[in-house]
Amino acid sequence: MSSFASSKLNNNGKRLAPPSPLPKSDGPATKRQKRDTVSIKDRASPTPTPAAAAAAAKATDFGTHMMTQLTYVVDFLKAKRAPKTLQEVLDHLTLHNLPEHQQKIFVNLMHKHSRIDHIPGPKNSKDQQPAWRTGKYQFKAKIPGVHDKITLLAHLQQKTDASSLSVKDLKDGWPDCDQAITELENEHKILVVRTKKDNHAKFVWLDEPRLSHTVDPEFLGMWHRIELPAPDDMVRKLLALGQKPASEAPTTNAKAPTKAAKKRKTTRPPKHQSNAHMAHLLKDYSHMKR
């Protein structure tokens, strides 16, 4: 017999039993187990398709896109200087093809914007439009309602203090107000402070024409012919006249602080006794001792 058959026998000549199967171990996974695990993970987190990725990016960019469109709405309403309907705004921005839910979001953003004013539509309107599409929108200026000379004077008359009105804020809602300001200034109805370089109006106050008086030209000529001394000569002439120039540093004539004298303690008078009915018991009888 061959050596292979002899190896199946033990030393006593008996045939050996076939080997038992090995128990399962916690060793490294086989290729099939790895392949099954990978397929399960792929099914749990599938890779998004290009169409789904594009839709997610579009939804994310919608908020930023709306913020940019709001800036265009403010510029559009400011240039038109007249109320516009929602459809006119959407047509200007080419947003009329937006889905209805995105149009509602855009309308809500316009209502919350600080530079956009919403004018509600009439309640008994015959239009069968939803409530969120009714009304008009207009630019809300920093000084609302001032757009001509009459409204400017009315606004200045309503001021309760003597503060100035900035022409820069006035031009936010009335860009071409320079000519009107010049005319009101010549009529002595407003006081204007202008820049030295360009002579542009900077601040305005309300004026009273009745308080304006013309000065005789001869007096103006005499006034301007008076020569003022130079700054150095001015100080010298004031000192010669016994006057104190304003440019001189103030002298400290304050007395040195003296130490406060210590207050002497005063003895307080005895308090009024409330037990007067026991005065005879509290008398001192020590002198009567023998």
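Going by my numbering, the sequence shown opens with residue 1242, and the numbers climb by one from there. Just so it is clear, CB atoms sit at the ideal spot from N, CA and C, and this is done for glycine as well.
Got a sec, what are the start and stop residues for the alpha helix (DSSP H) residue i sits in?
i	result
Gln-1379	Premise fails: Gln-1379 lies in the beta strand (DSSP E), 1377-1380, not in any alpha helix (DSSP H).
Lys-1409	1408-1414
Leu-1350	1341-1353
Val-1456	From DSSP, Val-1456 is part of no alpha helix (DSSP H); its letter is neither H nor E.
His-1396	1390-1398
Lys-1478	1472-1481
By the three-class DSSP mapping on this structure, what secondary structure does residue i have?
i	result
His-1429	coil
Arg-1466	helix
Ala-1285	Per-residue confidence for Ala-1285 stands at a pLDDT of 46, beneath the threshold of 50, marking its modelled position as unreliable; the derived number appears in the next sentence. Helix.
Lys-1321	helix
Thr-1507	coil
Leu-1447	strand
Thr-1423	helix
Leu-1336	coil
Ala-1487	coil
Tyr-1526	coil
Asp-1314	Per the sequence shown, the amino acid found at residue 1314 is Val instead of Asp. Three-state result, Val-1314: helix.
Ser-1244	Annotation note: pLDDT 49 at Ser-1244 (below 50); position unreliable, coordinate value reported separately. In the structure shown, Ser-1244 sits in a helix (DSSP, three-state: H, G or I).
Ser-1280	Model confidence at Ser-1280 stands at a pLDDT of 49, short of 50, so the residue's coordinates are unreliable; what they give is reported in the following sentence. Helix at Ser-1280.
Ala-1517	helix
Thr-1401	coil
Asp-1417	coil
Can you tell me the Cβ-Cβ gap for residue i and residue j, rounded? I've got them flagged as a contact below 8 Å.
i	j	result
Leu-1397	Leu-1447	4 Å
His-1429	Pro-1450	4 Å
Ile-1422	Ala-1442	5 Å
Ile-1360	Met-1351	With 8 Å as the limit, Ile-1360 and Met-1351 do not qualify as a contact, their Cβ atoms being about 12 Å apart.
Leu-1311	His-1354	6 Å
In the DSSP assignment, what residue or residues form a beta bridge with residue i?
i	result
Asp-1358	Gln-1379
Arg-1435	Ala-1442
Thr-1326	Lys-1377
Report yes or no: do three or more beta-carbon pairs, one from the stretch 1398-1418 and one from the stretch 1368-1377, lie closer than 8 Å?
no
Counting beta carbon pairs with one atom in the stretch 1403-1423 and one in the stretch 1383-1390, are three or more of them shorter than 8 Å?
By the criterion of at least three beta-carbon pairs nearer than 8 Å, the stretch 1383-1390 is in contact with the stretch 1403-1423.
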